[in-house]
Amino acid sequence: KEEAVILTPKPSPKPRINSARVFGVRPGSPVLYTIAASGQRPLWFSAENLPEGLTLNRETGQITGKLAKRGEHKITMVATNDLGEARKELRLVVGDTIALTPPMGWNSWNCWACAVDDKKIRDAADAMIKSGLINHGYQYVNIDDCWMVRLNSDDPVVGGPRRDEAGRLLTNKRFPDMKALTDYIHAKGLKAGIYTSPGPFTCAGFAGAYQHEAHDAKQFADWGFDLLKYDWCSYGDVVQGKQDLDTLKKPYILMGGILKKQDRDILLNLCQYGMGDVWKWGAEVGGQSWRTAGDLGFELDRIFEVALKNAEHRDYSRPGSWNDPDYLQIGYIGDASTGGHPKPCPITPSEQYAFMSLWCLMASPLFYSGDMGRLDEFTLNVLCNPEVIDVNQDALGQCAKVLPLGDEQFAMVKDLEDGSRAVGLFNRGELATDVAVKWSDLKLPEPKRVRDLWRHKDLDGAVTQFSAKLPRHAGVLLRLWAK
Ligand code: GAL
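Letter by letter, the sequence shown follows residues 9 to 491 of my numbering.
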């Protein structure tokens, strides 16, 4: 982790607003927008041009309320502390498109697998505040599989009837009161996510939504959830393995339509591992994001391969429509096969920086899935670099274009809203190597400013080209402003 220390820029004590510039909400849906800001505490928030119907909590930065009318509001967010003031404009769009920037948060799966319970979710929410992740835009706290009743189980904790007499889905005993849990999460300015399958049971063998879709979606809305991950799993048996487009789309059209009718915005994350080129139709069936492949799982040596495959679908990345290459797995991560028991991730610091850089260049949803209770300084540093996250949360929503530089080296170029570009240079090879590029080779105009985003440093002498020695499986992330 030596290398990490070099890369660590000290967080500035001056206020900085880290929230994205755009936010979408459907008319009449409850708004919960938390202004994310870093800097020395205490910090106070204010907002100019806040539309009627919304109120701001000056201490927490939470904007709540409802807006019935479609349209756009330009709000100036202000964060102040003893050292100064930061301002940023927020374009709040009341309309049909939600998730105008990639969703950010945490998911329980790669930490706890089926060992998840109410307390672990509350602890994750607490940690999201305490660690400062919330100040960088992380907001969703998502329960993955295993919260419902396990099929054919005599275990009194997870077994039992799947539904009550009215057909309402029941939780297992590890989740005694879902409404109380989402209330707890929302009170912190965070959002809550849940998981199920369109099949009769989930991938881990718990009760799914098959033939109860409307009931279950209503239940999720009543409980107060803000996101649903809908995982194909046993639906494959329902359709006897058929994989034609109509069959693949059907359960998602059904759930997408039902979710839109709920009285709150619920993001839909399609999880069907990329079948039928889901990126081509995920948005049309009501999804905001879709996994483009199987689980990244524990095979973290596949980060580059998975990223390059995911980036092939760049044309489908735009506000409200995101390709999902799976979770960020750094820090302490668990494994489904061991039922949680998180241990240190097996990848090097360079690989972790590359992981985050790639996910940001691709405008991927940023869901951390490691142990929130054991976020060390290094892990936080990888997850919470504001200039790196700006690349992910950019309002254009573009996924970077890949440009090969050699057998094992490649560049990624992403256009950003202000006319600048994010440029990643990567070495996926097993040996350290010199990477050199002329901006003109990447078809980029001569820059007036080049900045290293991990180090927060402007680079002199990079006017026409850039070169660096990159360790094995490493990258650099730059931002270029044209003359
Ligand atoms: C898989 C899914 C994982 C996790 C798991 C739960 O199908 O890809 O992300 O949700 O199911 O059983």
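Using N, Cα and C, we set each Cβ at its ideal position, and we do this for glycine too.
Asn180 is not a Cβ neighbour of Asp152, given a cutoff of 7 Å. Taken in chain order, the whole beta strand (DSSP E) runs of length 3 or more contained in the stretch 237 to 317 are 275 to 279 and 297 to 299. With a cut-off of 6 Å, the C-beta of Ala217 is classified as distant from the ligand GAL, since no heavy atom of the ligand falls inside that distance. In the DSSP assignment, Gln360 falls within the unbroken alpha helix (DSSP H) covering Pro357 to Leu369. Across the structure, Ala430 and Lys422 are spaced so that their CA atoms are roughly 5 Å apart. Restricting attention to alpha helix (DSSP H) runs no shorter than 4 residues, the stretch 85 to 144 encloses them at 117 to 120 and 126 to 138, ordered along the chain. Counting every other CB atom within 10 Å of its CB across the protein chains shown gives Val124 a total of 16 or more, marking it as buried.
In the same chain as Lys491, and ignoring 5 residues on each side of it, the C-beta atoms closer than 8 Å to its own belong to Pro453, Glu454, Pro455 and Lys456, in chain order. Assigned with DSSP and collapsed to three states, Ile341 falls in strand. In terms of CA proximity to Gly73, Leu100 leads the group Ala121, Ala301, Val157 and Leu100. In this structure, the CA atom of Asn331 is about 35 Å from the CA atom of Arg66. Taking the Cα positions, Asp402 is about 16 Å away from Asp323.
In the displayed model, Gln227 falls within a helix according to three-state DSSP.
Here Arg459 is buried: its Cβ has 16 or more other Cβ atoms, across all protein chains shown, within 10 Å. Going by DSSP, Glu395 is part of the alpha helix (DSSP H) stretching over Pro394 to Asn400.
The C-beta separation of Cys119 from Gly305 comes to about 13 Å, leaving the pair out of contact by the 8 Å criterion. Between the ligand GAL and Asp245, a heavy atom-to-CB distance of less than 6 Å is absent. By alpha-carbon distance to Val443, the top candidate from Val484, Ala133, Asp224 and Gly347 is Val484.
Around the beta carbon of Lys446, fewer than 16 other beta carbons lie within 10 angstroms, which makes this residue exposed. Comparing C-alpha distances from Trp489 to each of Ser475, Asp466, Ala482 and Asp415 shows the shortest one belongs to Asp466. If you look at Met186, you'll find it in the alpha helix (DSSP H) that goes Met186 to Ala195. Under the criterion of beta carbons closer than 8 Å, Arg158 and Gly207 do not qualify as touching, at roughly 15 Å. Leu439 counts as exposed, since fewer than 16 other beta carbons sit within 10 angstroms of its beta carbon. A buried status is given to Asn389, since no fewer than 16 other beta-carbon atoms sit within 10 Å of its beta-carbon. Burial is judged here by how many other beta carbons sit within 10 angstroms of a residue's own beta carbon; Gly32 has at least 16 and is buried.
Under the DSSP assignment, Thr387 falls in the alpha helix (DSSP H) whose first and last residues are Glu385 to Leu391.
Counting only the Cα atoms, Ala315 lies some 33 Å from Val39.
In the structure shown, Asp449 adopts helical secondary structure according to DSSP, grouped into three states. In this structure, the CA atom of Ala135 is about 16 Å from the CA atom of Ile338. Distances from the alpha-carbon of Asn160 to those of Phe209, Gln219 and Phe474 put Phe209 closest. Annotated three-state conformation of Ala470 is coil, per DSSP.
Collapsing the DSSP output to three states places Thr42 in a strand.
Only residues of its own chain outside the window of five on either side were considered, and among them Arg24, Asn26, Ser46 and His144 have a CB closer than 7 Å to the CB of Pro394, listed in chain order. Taking a cut-off of 8 Å on C-beta distances, the stretch 165 to 177 does not touch the stretch 236 to 247, as fewer than three cross pairs fall below it.
Residue Ser54 holds the alpha-carbon nearest to the alpha-carbon of Ile43 among Lys128, Tyr361 and Ser54.
Bridge partners of Gln417 according to DSSP: Asn435.
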